[in-house]
Amino acid sequence: MPTPSPLVIALFVVSHSSESAIEGLETIGRIQGDEFWHHVGKENGGCVSPSSSSWKPLLRKALDSNAHLKHSVFFQLATIGANGRPSNRTVVFRGFQENGDKIQINTDVRSNKIEEIKHCPFGEICWYFTDSWEQFRINGTIDFIDGSNSDPAKLQQREKAWFMSSLKSRMQYLGPAPGIPVIDEGTAKENHLDPTAGPVDAFCLLVFDPEQVDYLNLKSNERLMFRSRQSSDGGKGWI
1026 MPTPSPLVIA LFVVSHSSES AIEGLETIGR IQGDEFWHHV GKENGGCVSP SSSSWKPLLR
1086 KALDSNAHLK HSVFFQLATI GANGRPSNRT VVFRGFQENG DKIQINTDVR SNKIEEIKHC
1146 PFGEICWYFT DSWEQFRING TIDFIDGSNS DPAKLQQREK AWFMSSLKSR MQYLGPAPGI
1206 PVIDEGTAKE NHLDPTAGPV DAFCLLVFDP EQVDYLNLKS NERLMFRSRQ SSDGGKGWI
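Residue numbering for the sequence shown is 1026 to 1264, as defined by my numbering.
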């Protein structure tokens, strides 16, 4: 049996009973060029073309089918530091922005990822759904919206994201900067937050704009690639 790729090993750790699915993944990995499109899909009589519908319905379906698992809204977000090295962390899905394709993430403006995004706005999401055996690798750019942003529309988006968060989640932004230990736990408990007050200075909204999506379904041995393109009217389409 050929040596599994790093991706195969990673997925084996997540679902150790998926030996047959892993073999399917290895098969998919060997398919190239036009032949690829004749192996990965079930639409159009078993052939999917590059002009297939967008990836978003697939992600929504995965979220729905895995909704009983609390960790289904967690995914990994990788960025690139000023030293050129990758940096990765687990974040929480906060919905799509204005019913579009952009993904929202709440974070602390004092975290290292903000400086990394300032240095290089490119990032990648890796999102694996353990029940349905689906993986989404989403490549794109990241914008951050903090209190100093000069765009009123973006500040409104930030405020909306703030109030959509639970009070417990909002309280986290009153503590010390990420990475700094809480010396006096009593002081942390004394922090008070007015539920009607707007975002605190530490609250930051990240907006991830997808440019390429690599979808993998280990149960059906499907792999679909989606790439964004600029439409004639200036909008965004997918191929």
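From the three backbone atoms N, C-alpha and C, an ideal C-beta is built for every residue, glycine too.
Since the model is a prediction, treat every value here as computed from it, not as a measurement.
Practice problem: Go through its chain and collect everything with a Cβ distance to N1069's Cβ below 7 Å, but skip five positions before and after it. | Solution: Your numbering for residue 1069 matches position 44 in the sequence shown. Model confidence at N1069 stands at a pLDDT of 35, short of 50, so the residue's coordinates are unreliable; what they give is reported in the following sentence. Closer than 7 Å at Cβ, skipping near neighbours: no residue.
Is the separation between the beta-carbon of V1133 and that of A1227 shorter than 8 Å?
In the sequence shown, the residue the question calls residue 1133 occupies position 108. In the sequence shown, the residue the question calls residue 1227 occupies position 202. The sequence shown places Asp at residue 1133, not Val. Taking a C-beta distance under 8 Å as the contact criterion, D1133 and A1227 qualify as a contact pair.
Original post:
What number of angstroms, rounded off, separates the C-alpha of L1084 from the C-alpha of S1175?
Top reply: Position 59 of the sequence shown holds residue 1084. Position 150 of the sequence shown holds residue 1175. When rounded, the distance between both Cα atoms is 32 Å.
What three-state label does DSSP hand V1225 in the structure shown? For the purposes of this step, residue 1225 is taken as the residue at position 200 of the sequence shown. Note: V1225 maps to coil in three-state DSSP.
### Query
Can you tell me whether DSSP reads L1050 as helix, strand or coil?
Here residue 1050 corresponds to residue number 25 of the sequence shown, with the count starting at 1. Annotation note: pLDDT 39 at L1050 (below 50); position unreliable, no value reported.
Taking the beta strand (DSSP E) that S1253 belongs to, which residues open and close that run?
Residue mapping note: residue 1253 aligns to position 228 of the sequence shown, counting from 1. That run of the beta strand (DSSP E) goes E1247 to Q1255.
Do N1131 and R1119 have their C-beta atoms within less than 8 Å of each other? By 1-based counting over the sequence shown, the position of residue 1131 is 106. By 1-based counting over the sequence shown, the position of residue 1119 is 94. Cβ atoms of N1131 and R1119: closer than 8 Å.
Original post:
Looking at the unbroken beta strand (DSSP E) that takes in D1156, where does it start and where does it end?
Top reply: For the purposes of this step, residue 1156 is identified with residue 131 of the sequence shown, where counting begins at 1. Where D1156 is concerned, there is no enclosing beta strand (DSSP E), because DSSP gives it neither an H nor an E.
Check: Where does I1142 fall in DSSP's three states?
Finding: On the sequence shown, position 117 is the one that residue 1142 refers to. Three-state result, I1142: helix.
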